[in-house]
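See structure below.
Number of protein chains: 2
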Amino acid sequence: MSKDNTKNTNLNSKVSVSTRDQAIDRFKKLQQKEISVDTLCNAIVSKDTTALSKGITLIESTQQNHISKAQELIEKCLPHANNSVRIGITGVPGVGKSTFIEALGNILIQKDKKIAVLAVDPSSTVSHGSILGDKTRMESLVRADNAFIRPSPSGNSLGGVAQKTRESIILCEAAGYDVIIIETVGVGQSETAVHSMVDFFLLLKLAGAGDELQGIKRGIIEMADAIVINKADGDNLKRAREAKNQFRKALHLYPLAESSWSPEVLTCSAIENKGIEEVWKLIQNYFEITSKNGFFEENRRKQNKFWLLQTIEEHLKSSFYNHPEIKAKLCSQIEAVQQHKLTPFAAARYLFELYKE
Amino acid sequence: MSKDNTKNTNLNSKVSVSTRDQAIDRFKKLQQKEISVDTLCNAIVSKDTTALSKGITLIESTQQNHISKAQELIEKCLPHANNSVRIGITGVPGVGKSTFIEALGNILIQKDKKIAVLAVDPSSTVSHGSILGDKTRMESLVRADNAFIRPSPSGNSLGGVAQKTRESIILCEAAGYDVIIIETVGVGQSETAVHSMVDFFLLLKLAGAGDELQGIKRGIIEMADAIVINKADGDNLKRAREAKNQFRKALHLYPLAESSWSPEVLTCSAIENKGIEEVWKLIQNYFEITSKNGFFEENRRKQNKFWLLQTIEEHLKSSFYNHPEIKAKLCSQIEAVQQHKLTPFAAARYLFELYKE
Numbered sequence: 043m044s045k046d047n048t049k050n051t052n053l054n055s056k057v058s059v060s061t062r063d064q065a066i067d068r069f070k071k072l073q074q075k076e077i078s079v080d081t082l083c084n085a086i087v088s089k090d091t092t093a094l095s096k097g098i099t100l101i102e103s104t105q106q107n108h109i110s111k112a113q114e115l116i117e118k119c120l121p122h123a124n125n126s127v128r129i130g131i132t133g134v135p136g137v138g139k140s141t142f143i144e145a146l147g148n149i150l151i152q153k154d155k156k157i158a159v160l161a162v163d164p165s166s167t168v169s170h171g172s173i174l175g176d177k178t179r180m181e182s183l184v185r186a187d188n189a190f191i192r193p194s195p196s197g198n199s200l201g202g203v204a205q206k207t208r209e210s211i212i213l214c215e216a217a218g219y220d221v222i223i224i225e226t227v228g229v230g231q232s233e234t235a236v237h238s239m240v241d242f243f244l245l246l247k248l249a250g251a252g253d254e255l256q257g258i259k260r261g262i263i264e265m266a267d268a269i270v271i272n273k274a275d276g277d278n279l280k281r282a283r284e285a286k287n288q289f290r291k292a293l294h295l296y297p298l299a300e301s302s303w304s305p306e307v308l309t310c311s312a313i314e315n316k317g318i319e320e321v322w323k324l325i326q327n328y329f330e331i332t333s334k335n336g337f338f339e340e341n342r343r344k345q346n347k348f349w350l351l352q353t354i355e356e357h358l359k360s361s362f363y364n365h366p367e368i369k370a371k372l373c374s375q376i377e378a379v380q381q382h383k384l385t386p387f388a389a390a391r392y393l394f395e396l397y398k399e
Numbered sequence: 043m044s045k046d047n048t049k050n051t052n053l054n055s056k057v058s059v060s061t062r063d064q065a066i067d068r069f070k071k072l073q074q075k076e077i078s079v080d081t082l083c084n085a086i087v088s089k090d091t092t093a094l095s096k097g098i099t100l101i102e103s104t105q106q107n108h109i110s111k112a113q114e115l116i117e118k119c120l121p122h123a124n125n126s127v128r129i130g131i132t133g134v135p136g137v138g139k140s141t142f143i144e145a146l147g148n149i150l151i152q153k154d155k156k157i158a159v160l161a162v163d164p165s166s167t168v169s170h171g172s173i174l175g176d177k178t179r180m181e182s183l184v185r186a187d188n189a190f191i192r193p194s195p196s197g198n199s200l201g202g203v204a205q206k207t208r209e210s211i212i213l214c215e216a217a218g219y220d221v222i223i224i225e226t227v228g229v230g231q232s233e234t235a236v237h238s239m240v241d242f243f244l245l246l247k248l249a250g251a252g253d254e255l256q257g258i259k260r261g262i263i264e265m266a267d268a269i270v271i272n273k274a275d276g277d278n279l280k281r282a283r284e285a286k287n288q289f290r291k292a293l294h295l296y297p298l299a300e301s302s303w304s305p306e307v308l309t310c311s312a313i314e315n316k317g318i319e320e321v322w323k324l325i326q327n328y329f330e331i332t333s334k335n336g337f338f339e340e341n342r343r344k345q346n347k348f349w350l351l352q353t354i355e356e357h358l359k360s361s362f363y364n365h366p367e368i369k370a371k372l373c374s375q376i377e378a379v380q381q382h383k384l385t386p387f388a389a390a391r392y393l394f395e396l397y398k399e
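Protein chains in written order, with the working numbering: chain X, 43 to 399; chain R, 43 to 399.
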């Protein structure tokens, strides 16, 4: 039974990737007709989902003329953006992120919200879209008119992937989506990147399994505004409640967050649709508190500044490490400092002088 | 009584600063005699404490001829270094860091160890050496032949202060100090900097007071190899034991550290000299385990590489942010992204183009 499931998922996944390739092909043909940025922006603002998809594909493209067109589009959409709430959701594979997002999304749609689900997964180039790539995992959400689901952009660097997702948020907001959910699977520093682009950060966990088994990285717990213990159903119910109490006690030992929000712990069963309404109430409560105390807007301002400086520093680093002289010498310098033959500072000075010349 | 103590400390602090100034004066005069780097290095390696002090003053100097001389000295000392254990100790002011370090130091001296105490405190320029500046706080340690105590180098940037301390470690090791203790007070990112230059990281805490009262920053608990609850004496004893149990439970919820060491929680009373021996046993246990499993050496290699890349990136950033064109334009660009008039990525691209020209 479980083997069959796996097969099924693999199959769907392939179908989905090839569907995506077809969509890109179709888009490229459409592009030849040279839709103007103005037309595209107007269509997005008037809530045309196809235009939104096209806009995001433009953002994800690596072709030079697409890049400048995408920048123009984002600039035009910007005045219509910044009017959603952005929720980050992380958790290891198997924790039930898709089922949880689907359950939460369905509740929001019933409340007349429009929701967009995006993803940050820098590994998706290799795994062909491990998260959200297989849209059929959120079947009911995919079919809903008020939901928009988009797999993680592909790319080798987290910076690049995160930038594309962050730019896509702007288009989604311009298209009138009220709730933007960003899913991440926690590869490398992707949680930190997602944490820096959302208003609320939710960590999904399982009861029973220790963190070492769940592969949660150190530091993630301290970023969470809420920990939700999923699969609190059947035999798992007691363990889930125990885990909730443990986490509540543990979180009390933490310093208060800047938002003056005390992170909460809840249990839910996404598959049985239990406890999801409570999660949404909690998130709403957070938004009420942080809107009143000014943290919400202040945090967005800080995030914008953070991404500006972060991007500059990535440009600087990439220009340094891709310099031919540096490429030729870096390894031997690292080797020398690792063998304690040279101090890191002496090696850094040597390389930096080389770069300046 | 407590008021008297404060006065006394202030007085001592002033004395200490002026003693330091005198020492610098004396050194400058000595410098005019042009001691060769070879002579200085030989004296350091033959365990001459005055030479060690001179060497560190050379590292701390901002004069151009001193900087190059210091680099030469460090290089000559390097083959004699890397043979100590390095312990980082952090905790908020008032937690009893000095008393704790003195108690631990005295135990180590009894065990025929040579210990050096250094500090990283980027705020010390303003506060005139808030930590270790007042050496009289560790009276018995200051008088001991096998102990060497040095206040934090002054400086405006954490990077600069951290570099000087890290280079001083090399001279201390060359002078035969077995245990190097690095104290930090946790200003800005200084804990992260110290964590990246030590083998074992110890967080000192008080019982009862929550983290919000203790001013511990988020993320610090996850860096600690041990949490030691100080002032576990008198009326405090029960609360300290309760805190120990709470932290033990909380730490179990964390993922296993890379060192495969499970962080421990102990209580102690530095002032009554109780529980310090247990702390040292714990630290020794850590060193045994991580030496056997290879983490100790692997971690030092990683730290060296980290400091190399970190220093390069600091050079790059400082060269960028000090560029006249960037200085002129950065504020208005930050303003624009914070007001959602421009994306962070568009602003970054604009500034980077400006810099390249």
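We put the CB at the ideal spot given by N, CA and C, even for glycine.
Chain order gives no chain R residues near X/A189, where near means a beta carbon separation below 9 Å; the closest approach is about 25 Å. Neighbours of R/K291 in chain X, taken as residues at a C-beta separation under 8 Å, are given in chain order as Q288, K291, A292.
Exclusion of the five residues before and after X/S374 leaves no residue of its chain whose Cβ lies closer than 6 Å to its Cβ. For a Cβ distance threshold of 7 Å, residue set N346, W349, L350, T353 of chain R lies close to X/P386, ordered along the chain. When DSSP states are grouped into helix, strand and coil, R/V379 belongs to the helix group.
The shortest CA-to-CA distance from X/I191 to any of X/S165, X/S140, X/W303 is the one to X/S140. Remark: three or more beta-carbon pairs, one from each stretch, lie closer than 8 Å, so the segment 341-357 of chain X and the segment 200-213 of chain X are flagged as touching. Per DSSP, the beta bridge partners of R/K316 are R/S311. By the Cβ neighbour-count rule, X/I143 is buried, with 16 or more other Cβ atoms within 10 Å of its own.
Taking a beta-carbon distance threshold of 7 Å, R/H365 does not count as an interface residue toward chain X. Listed in chain order, the alpha helix (DSSP H) runs fully inside the segment 179-222 of chain R are 181-185, 200-216, counting runs of at least 4 residues. For X/L351, the enclosing alpha helix (DSSP H) stretches over residues 337-363. The three-state secondary structure of R/V79, taken from DSSP, is helix.
Non-local beta-carbon contacts of X/T91 in its own chain, meaning distances under 7 Å to residues more than five positions away in sequence, involve F190 in chain order. By the C-beta density criterion, R/G336 is exposed, having fewer than 16 other C-beta atoms within 10 angstroms. Selection X/A389, X/K359, X/S361, X/H357 evaluated against X/L372 yields X/A389 as nearest (Cα-Cα). Chain R places a beta carbon closer than 7 Å to that of X/R343, counting this residue as a contact. Neighbours of X/G261 in chain R, taken as residues whose beta carbon is under 7 Å from its own, are G261, E264 in chain order.
Annotated three-state conformation of X/N287 is helix, per DSSP. Annotated as proximal: X/T226 and X/T132, with beta-carbon spacing under 7 Å. Closer than 9 Å at the C-beta level to chain R, one finds these residues of the segment 103-119 of chain X: Q113, I116, E117. In this structure, the alpha-carbon of X/E339 lies about 35 Å from that of X/I77. Per DSSP, reduced to three states, the secondary structure at X/T385 is coil, with no helix or strand assignment. By the beta-carbon neighbour count (other beta carbons within 10 angstroms, threshold 16), X/I318 is buried. A straight-line Cα-Cα distance of about 21 Å links X/I263 and X/Q326. Within 10 angstroms of the beta-carbon of R/P135 lie fewer than 16 other beta-carbons, which makes it exposed. The C-alpha of R/N124 is placed about 23 Å away from the C-alpha of R/L183. Between X/V221 and X/L308 a beta carbon distance of about 18 Å is seen, past the 8 Å cut, so the two are scored as non-contacting.
DSSP places R/A235 inside the alpha helix (DSSP H), whose first and last residues are 232-237. Chain X has a Cβ within less than 7 Å of the Cβ of R/Q380. The Cβ-Cβ distance between X/K111 and X/V79 falls below 7 Å. Taking C-alpha positions only, X/E300 is separated from X/L324 by approximately 18 Å. According to DSSP, X/V159 shares a beta bridge with X/I191, X/I223. Taking the beta carbon of R/L393 as reference, the chain X residues within 7 Å of it are I354, listed in sequence order.
In the DSSP annotation of this structure, the continuous segment of the alpha helix (DSSP H) that includes X/L150 starts and ends at 139-152.
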